[in-house]
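Chemist: Using my numbering, read the sequence shown as starting at 1 and increasing by one per residue.
Glycine included, each C-beta is placed from N, C-alpha and C at the ideal position.
These numbers were taken from a predicted model, which means no experiment stands behind them.
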Amino acid sequence: MYLNREEERMLDGEFGEGVAKCMKLLVTLGELFEAKEMVKIGSSHVSGVSYKNIGDPGLELIESFAEENVKVKVKTTLNPMGMDRERWKEMGLERSFAEKQLRIVKAYEKMGVISTCTCTPYLVGNNPKFGEHVAWAETSATVYANSVLGAKTNRESGLSAFASAVTGRTPYYGYHLEENRKPTVHVKLKFKPKDSLEFSVLGYLVGKNFPNSVPFISGLHEASLDELKTLGAGLASAGAITLYHVEKLTPESRFFRDEDVKNCEKFSVGQEDIRKTISEISEEEFDCVFLGCPHCSLEQLENVADFLRGKKVNCRLWVFTSKQVFEKAKKLGYIDIIESAGGLVLSDTCMIVSPFEKLNITKVVTDSCKAAYYLPSTVGVKVKLENPRKILEEITV
Ligand code: F3S
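1. Here's the rule I'm using: 16 or more other beta-carbon atoms within 10 Å means buried, otherwise exposed. How should R309 be labelled?
2. Which two residues bound the contiguous beta strand (DSSP E) that contains G207?
3. Quick check: what's the CA-CA separation for Y175 versus V49?
4. By the three-class DSSP mapping on this structure, what secondary structure does S64 have?
5. Using the rule of at least 16 other Cβ atoms within 10 Å of the residue's Cβ for burial, across every protein chain shown, is L205 buried or exposed?
6. Need the endpoints of the beta strand (DSSP E) that F216 sits in, please.
7. Per the contact definition of three or more C-beta pairs closer than 8 Å, is the stretch 346 to 365 in contact with the stretch 144 to 155?
8. Could you have a look at T242 and say whether DSSP puts it in helix, strand or coil?
9. Measuring CA to CA, which of V27, V185, I104 and T167 is closest to N209?
10. Apart from the five residues just before and just after I114, which ones in its own chain have a Cβ nearer than 6 Å to its Cβ?
11. Looking at the strands, I want to know which residues DSSP matches up with M83.
12. For G342 and I41, what's the separation of their Cα atoms in angstroms?
13. Any idea if E17 is buried or exposed, counting beta-carbon neighbours within 10 angstroms, 16 or more meaning buried?
14. I need the DSSP call for M38, collapsed to helix, strand or coil.
15. Determine the DSSP secondary structure at K312, reduced to helix, strand or coil.
16. Taking 7 Å as the line, does the beta carbon of V353 fall inside it for any heavy atom of the ligand F3S?
17. Can you list, in chain order, the residues of its chain with a C-beta nearer than 6 Å to that of E63? Leave out the 5 residues immediately preceding and following it.
18. In terms of residues, what are the limits of the alpha helix (DSSP H) holding G191?
19. Please state the DSSP three-state secondary structure of S157.
20. Does the Cβ of Y122 lie closer than 7 Å to at least one heavy atom of the ligand F3S?
21. Would you mind listing the alpha helix (DSSP H) stretches within the stretch 87 to 121 that are 4+ residues and don't spill past its ends, in chain order?
22. In terms of residues, what are the limits of the beta strand (DSSP E) holding T77?
23. Pull up the distance between the alpha-carbon of E67 and that of L177, whole angstroms please.
24. Using the three-state DSSP reduction, which class does K129 fall into: helix, strand or coil?
25. Per DSSP, D296 is paired with what?
26. Quick one, which of S44, M81, F33 and E34 has its alpha-carbon nearest I54's?
27. How many Å lie between R389 and N314 at the Cα?
28. Closer than 7 Å by C-beta to D84: which residues in its own chain qualify, once you throw out the five before and the five after it? Chain order, please.
29. Determine which residues share a DSSP beta bridge with F267 and list them.
30. Would you say S200 reaches chain C, if we count a Cβ-Cβ gap shorter than 8 Å as a contact?
31. With 16 other CB atoms within 10 Å as the buried threshold, where does D367 fall?
32. So K382 is in the beta strand (DSSP E); what residue range does that whole segment cover?
33. Could you tell me whether the Cβ atoms of A223 and L249 are closer together than 8 Å?
34. Measuring CB to CB, does S282 end up less than 8 Å from Y373?
35. E138: beta carbon under 7 Å from a heavy atom of the ligand F3S?
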C-alpha cells in the first residue's frame, strides 16, 4: 500500500507511539481490503463509547492514548454512551458504572473529541459536505452520511474510526470509490410510507433481503430528513447496508441513468409486506416506551410535546436525543411538557448501549426496527412495534 512521506513518518513513530499504532491499524485494514493508498478525511465519528460495551479493557486503552497526549486531527464526535451524564441516577444506574463511563468521556475530551454522545452527529455540527471523505462508525450515522449527505465513508468500527481521527486518514477502498456507489438492487415501492414506523420497516425489509446491497428506491416521492434517517437505520440494522439512493430525493440518485438501474435485481414492496413484517417481528404487550432510535431531532421532540401537552402517561416513557437538541428543546419548553406528563427525556445515551438489563424492563414498545432488532438479542427484551402517535394515544390519559 502506498504511503506518502507524512503517512510514513506517522507509521515510523515520528509523531509518537499512539499515532504510530493508529496508522499501523489503518495500514493493516487497507491491506486487508486491497486499498492502494490512504485518503484524507474531513471528520470522524467514533462508536464504542459505552462502558457497558467496552468494559475495563476499552477504558484502559482509551486512557492510554490520552495519557500519551494523542490528539485528533479532524472534527470528531462520539456515539451514545451508557448513560445520561447528568441523569444517570434517574435511569437507575450505579455510581461505579457512572464513574467509569465518565472517565471514558474525559479521556476522549482530552484528545480533542467533541463529547456530545449521539448517533445523529449530523444534527449537532458534524455535517460533512457532499463528496467529502470521512471515517464514521455507527451504522445509522454512516448510512445517513453516505446516502443523505453524499459524503463518502465505509462502515467503520469504533477503533478504525478513532485511528482515522488521530491520523486524519482512512484507507481508500469500498464506498470511497465511485464504482462501489452504484445501485445493485432496484426497490420499487407500491405504497406510500405514512409514518416513521413504516419507513423503518421498509428499511428493515430491504436490509434483510439484500443485506450487502446498494438499494435504489423508486416510487417514494417525498420524505423528510427524519424519515430518511429512520429508513437508513432500518436498512443498516437487518443488513450491512451502508449506502442507498432514493430517486430524485438523495443527492447521488441524479447520477444514475436508466441502464444503471435496469440491470439491477428487482424487489417490490407493498403495504401488505409492511404489515406482515410488523406482525412477524412485533410482540403484543409492553410496559415501557422507548422513542428516539436514532436520536430524536428537535421536530420529533416537538411532536411528542405537542401530543403530551396537558396529559399524563401511564407507563414508563423514555425519549432519547442528543445534548444539543435537548438544550434547544428545553428552551422551547418541550422537555418540561414531556416530563410534566411523566416522561423522561435522556441525552447522550440510548436503550441499546445503557446497562438496561439491570433495570427489570422486559417488554418495550418502540417505532424503531433497529431497536426491535437489537433489544431482544442484546438484552433479552421483547419488543412491540407501533407508530409513535398510536403509542402515545395508548399510554395517555
Ligand atoms: Fe442510536 Fe442507539 Fe438507536 S445508537 S440508532 S439510539 S440503537
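Modeler: With the structure as the only source:
1. exposed
2. First-last for G207: S196 to N209, but that is the alpha helix (DSSP H), not the beta strand (DSSP E).
3. 24 Å
4. helix
5. buried
6. P215 to S218
7. no
8. coil
9. V185
10. T77
11. Its beta-bridge partners do not exist; DSSP assigns none.
12. 44 Å
13. exposed
14. strand
15. coil
16. yes
17. A107
18. Just to set this straight, residue 191 is Phe in the shown sequence, not Gly. Neither: F191 is in no alpha helix (DSSP H) and is coded neither H nor E.
19. coil
20. no
21. 95 to 110
22. K75 to L78
23. 36 Å
24. coil
25. Position check: residue 296 holds Cys in this sequence, whereas Asp was assumed. Partner(s): T321.
26. M81
27. 15 Å
28. M91, L346, S347, D348 and T349
29. V187
30. Chain labels in this structure do not include chain C; a single protein chain is all it has.
31. buried
32. K382 to L385
33. yes
34. no
35. yes
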